[in-house]
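Asker: So the sequence shown is numbered by my numbering: it starts at 43 and just counts up by one. From the three backbone atoms N, C-alpha and C, an ideal C-beta is built for every residue, glycine too. These figures come from a predicted structure and were not determined experimentally.
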Amino acid sequence: MKRLVLALFLCLASTLAVSAEMLVLAKEIGPVTRDLQQLCEVRKLKTATGVSLEVRDPMGSTVWSLDELGFEDKKFLVGDRTSSLALVDIDRDGFPEILAAAVIGPHSSGLFAFRYDALRKTFAPVPCRFPKENLERDCLVSDALQETGGDLVVREDGSAQVIGLIFDEKGREPPAPGLWTFALQNGVFVHTKTEKLPPPPQE
């Protein structure tokens with residue numbers, strides 16, 4: 043009997059320890075696996091090592107997880123609505139994508155959009171492409187952090203705007219704030235233009 047009580051105590055202690063290490067930052071429910079009859083729960087978690095994502099089916103089983111989204115939680119805007127996790131049908135195919143942001147570096151944050159791949163039965167990031175530079179990333183990146191989330195903006199039509207720093211190619215001028223605009227084309231965020239923003243007011 044004592045052994046049974048001890049085993050139950052250790053099991054409970056282990057469960058509490060895991061719960062203490064994982065804090066639910068946000069959660070949303072929707073048909074993210076492209077099945078209108080299956081409403082999954084998407085969770086954004088704070089763990090001992092950073093921020094992670096997981097998708098659970100209606101029975102509570104984990105169907106997908108991403109252990110390392112970033113180091114810290116980050117807000118972004120869907121239109122004019124502040125969020126850190128959102129389900130938005132940005133490609134207008136009838137099923138929502140998972141949008142989540144996180145701090146990914148010392149001075150940078152990323153906004154990720156994950157789309158379900160029915161053939162591979164997993165989620166893949168929507169690429170972010172810079173045609174002129176022949177560069178592709180797995181997220182929209184800002185190096186001008188704003189606590190309100192205004193540095194990372196996605197609209198319902200899939201277009202996006204990111205505030206960051208423009209660096210002088212010749213290194214003669216200090217970095218200047220800029221606005222990068224992206225259009226969603228064939229399931230990819232494609233950079234269309236960059237505009238300089240007025241410098242912040244001097245204190």
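1) Quick one: complete beta strand (DSSP E) runs, 3+ long, within the stretch 93 to 174?
2) Are residue 184 and residue 204 close, meaning C-beta to C-beta below 8 Å?
3) Counting along the chain, where does the beta strand (DSSP E) carrying residue 82 start and finish?
4) For residue 186, which of helix, strand or coil comes out of DSSP?
5) On the CB-based measure, 16 or more other CB atoms within 10 Å of its CB, does residue 148 come out buried or exposed?
6) Looking at the unbroken beta strand (DSSP E) that takes in residue 220, where does it start and where does it end?
7) Name the residue from 103, 177 and 72 whose alpha carbon lies nearest to the alpha carbon of residue 230.
8) Given residue 201, which residues of its chain have a CB within under 6 Å of its CB, disregarding the five upstream and five downstream residues?
9) Alpha carbon to alpha carbon, what distance is there between residue 211 and residue 165?
10) Please report the straight-line C-alpha distance between residue 238 and residue 114, rounded to a whole angstrom.
11) For residue 214, which of helix, strand or coil comes out of DSSP?
12) Alpha carbon to alpha carbon, how far is residue 86 from residue 287? Give it in angstroms, no decimals.
13) Between the Cα of residue 223 and the Cα atoms of 154, 94 and 197, which residue gives the shortest distance?
14) Using 8 Å as the threshold, is the C-beta distance between residue 119 and residue 94 below it?
15) Excluding the 5 residues flanking residue 69 on each side, which residues of the same chain have their C-beta closer than 8 Å to its C-beta?
16) To which residues of the same chain is residue 254 closer than 6 Å at the C-beta, ignoring the five residues directly before and after it?
17) What separation, rounded to the nearest whole angstrom, lies between the Cα atoms of residue 71 and residue 206?
18) Relative to the C-alpha of residue 232, which candidate in 179, 116 and 170 has its C-alpha closest?
19) Does the separation of the CB atoms of residue 74 and residue 129 fall below 8 Å?
20) Can you name, in chain order, every residue of its own chain whose Cβ lies under 6 Å from the Cβ of residue 146, other than the five neighbours on each side?
21) Give me the Cα-Cα distance between residue 78 and residue 97, rounded to the nearest whole angstrom.
22) Could you give the distance in angstroms between the alpha-carbon of residue 80 and the alpha-carbon of residue 220?
Answerer: Short version:
1) 93 to 98, 104 to 112, 118 to 120, 123 to 125, 127 to 130, 139 to 147, 150 to 159, 164 to 167 and 170 to 172
2) Within the sequence shown, residue 184 is the residue found at index 142, counting from 1. Within the sequence shown, residue 204 is the residue found at index 162, counting from 1. Yes. Within cutoff.
3) Here residue 82 refers to the residue found at position 40 when the sequence shown is read from its first residue. Residues 82 to 88.
4) Here residue 186 refers to the residue found at position 144 when the sequence shown is read from its first residue. Residue state, collapsed to three classes: coil.
5) By 1-based counting over the sequence shown, the position of residue 148 is 106. With fewer than 16 other Cβ atoms within 10 Å, it is exposed.
6) By one-based count along the sequence shown, residue 220 stands at place 178. Run containing residue 220: 218 to 227, per the beta strand (DSSP E) assignment.
7) Here the question's residue 230 lines up with position 188 in the sequence shown. The shortest Cα separation from residue 230 among 103, 177 and 72 belongs to 177.
8) Within the sequence shown, residue 201 is the residue found at index 159, counting from 1. Contacts found: 225.
9) For this step, residue 165 is matched to residue 123 along the sequence shown. For this step, residue 211 is matched to residue 169 along the sequence shown. About 36 Å.
10) Counted from its first residue, the sequence shown places residue 238 at position 196. Counted from its first residue, the sequence shown places residue 114 at position 72. Rounded to whole angstroms, residue 238 to residue 114 spans 28 Å at the Cα level.
11) Stepping through the sequence shown from its first residue, residue 214 is reached at position 172. Residue state, collapsed to three classes: coil.
12) Within the shown structure, residues of the chain are numbered from 43 to 245, placing residue 287 beyond reach of any answer.
13) For this step, residue 223 is matched to residue 181 along the sequence shown. Selected option, being the one with the closest Cα: 197.
14) Mapped onto the sequence shown, residue 119 falls at position 77. Mapped onto the sequence shown, residue 94 falls at position 52. It is not a contact, given that the beta carbons lie outside the stated cut-off.
15) Your numbering for residue 69 matches position 27 in the sequence shown. These residues qualify, in order along the chain: 83, 84, 85, 86 and 127.
16) With the chain covering only 43 through 245, there is no way to say anything about residue 254.
17) For the purposes of this step, residue 71 is taken as the residue at position 29 of the sequence shown. For the purposes of this step, residue 206 is taken as the residue at position 164 of the sequence shown. If I take the Cα positions, the gap works out to 31 Å.
18) Reading the sequence shown from its first residue, position 190 is the one you call residue 232. Looking at the Cα atoms, 170 is the closest of the given residues.
19) In the sequence shown, counting from the first residue as 1, residue 74 sits at position 32. In the sequence shown, counting from the first residue as 1, residue 129 sits at position 87. Against a cut-off of 8 Å, the Cβ pair of residue 129 and residue 74 comes out as a contact.
20) Within the sequence shown, residue 146 is the residue found at index 104, counting from 1. Excluding sequence neighbours, residue 146 sits near 112 and 152.
21) Taking the sequence shown and counting its residues from 1, one reaches residue 78 at position 36. Taking the sequence shown and counting its residues from 1, one reaches residue 97 at position 55. Each residue's Cα considered, the two are about 15 Å apart.
22) Along the sequence shown, read from residue 1 onward, the residue named residue 80 stands at position 38. Along the sequence shown, read from residue 1 onward, the residue named residue 220 stands at position 178. Cα to Cα, the separation comes out at about 41 Å.
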